[in-house]
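Have a look at the structure below, then the notes.
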Amino acid sequence: MVPDRAGLDIGAHFDEKTMPGEQLLSDNEAALGSLALERPSYMMPSMVLRVSWIPKPLSGKTDRMQLRQMAAALGPAELSLYQGRQSVFRPPSADTERRLLVLWAEVLQLSVEEISADDGFAARGGDSVGAMRLVRRAQSQGLDIFVAHFKYQRLVQQAELIDRRTQAGN
Numbered sequence: 001m002v003p004d005r006a007g008l009d010i011g012a013h014f015d016e017k018t019m020p021g022e023q024l025l026s027d028n029e030a031a032l033g034s035l036a037l038e039r040p041s042y043m044m045p046s047m048v049l050r051v052s053w054i055p056k057p058l059s060g061k062t063d064r065m066q067l068r069q070m071a072a073a074l075g076p077a078e079l080s081l082y083q084g085r086q087s088v089f090r091p092p093s094a095d096t097e098r099r100l101l102v103l104w105a106e107v108l109q110l111s112v113e114e115i116s117a118d119d120g121f122a123a124r125g126g127d128s129v130g131a132m133r134l135v136r137r138a139q140s141q142g143l144d145i146f147v148a149h150f151k152y153q154r155l156v157q158q159a160e161l162i163d164r165r166t167q168a169g170n
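UniProt numbering numbers the first residue of the sequence shown as 1 and each following residue consecutively.
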């Protein structure tokens with residue numbers, strides 16, 4: 001992880017191929033979600049930067065300054081994808097999305113206006129402990145979700161999963 005002056009912690013991930021937008025978003029959400037379940041929140045990067053090469057000087061260590069420069073060169077839309085966020089804010093549209101949004105806001109200690117239906121749980125600051133708290137609260141309100149379902153990071157994905165599980169149970 002490489003902290004920059006804007007407070008972002010950048011985790012670099014080597015990948016030989018470049019990824020189109022939606023695939024990049026999906027892969028970065030998965031990476032952030034996996035990290036959130038394995039690491040404490042203070043060890044979480046706020047973005048995963050996919051690079052085709054890791055810059056290294058003759059010492060063989062990662063050139064953190066060059067990684068920061070690579071991240072600083074990203075535009076706002078690209079930066080949102082690397083952070084596991086859609087670039088356009090989308091309020092929740094379905095009942096389950098709205099109910100889940102309130103729970104996310106409580107657990108993440110954010111206002112509901114700050115969370116888009118397309119946001120990823122880990123990208124908004126969630127971790128494994130937060131996932132467990134969210135699951136407990138959701139289940140107490142009759143929402144059928146488990147920690148294992150956090151491989152689906154976006155709020156909209158979790159709401160769709162809950163709806164599918166509810167329909168299958170009826």
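Using N, Cα and C, we set each Cβ at its ideal position, and we do this for glycine too.
Source: prediction; values computed, not measured.
Per DSSP, M70 is one residue of the alpha helix (DSSP H) stretching across R64 to A72. Here L49 carries a strand assignment [DSSP, helix/strand/coil]. By the 16-neighbour rule on beta-carbons within 10 angstroms, A123 is buried. Distances from the alpha-carbon of Q109 to those of G125, D119, R99 and A117 put G125 closest. Pairwise C-beta distances place the stretch 152-165 in contact with the stretch 94-111, as three or more of them are shorter than 8 Å. In this chain, the alpha helix (DSSP H) harbouring M132 covers S128 to S140.
Rounded to the nearest whole angstrom, the C-alpha separation of L35 and P55 is 23 Å.
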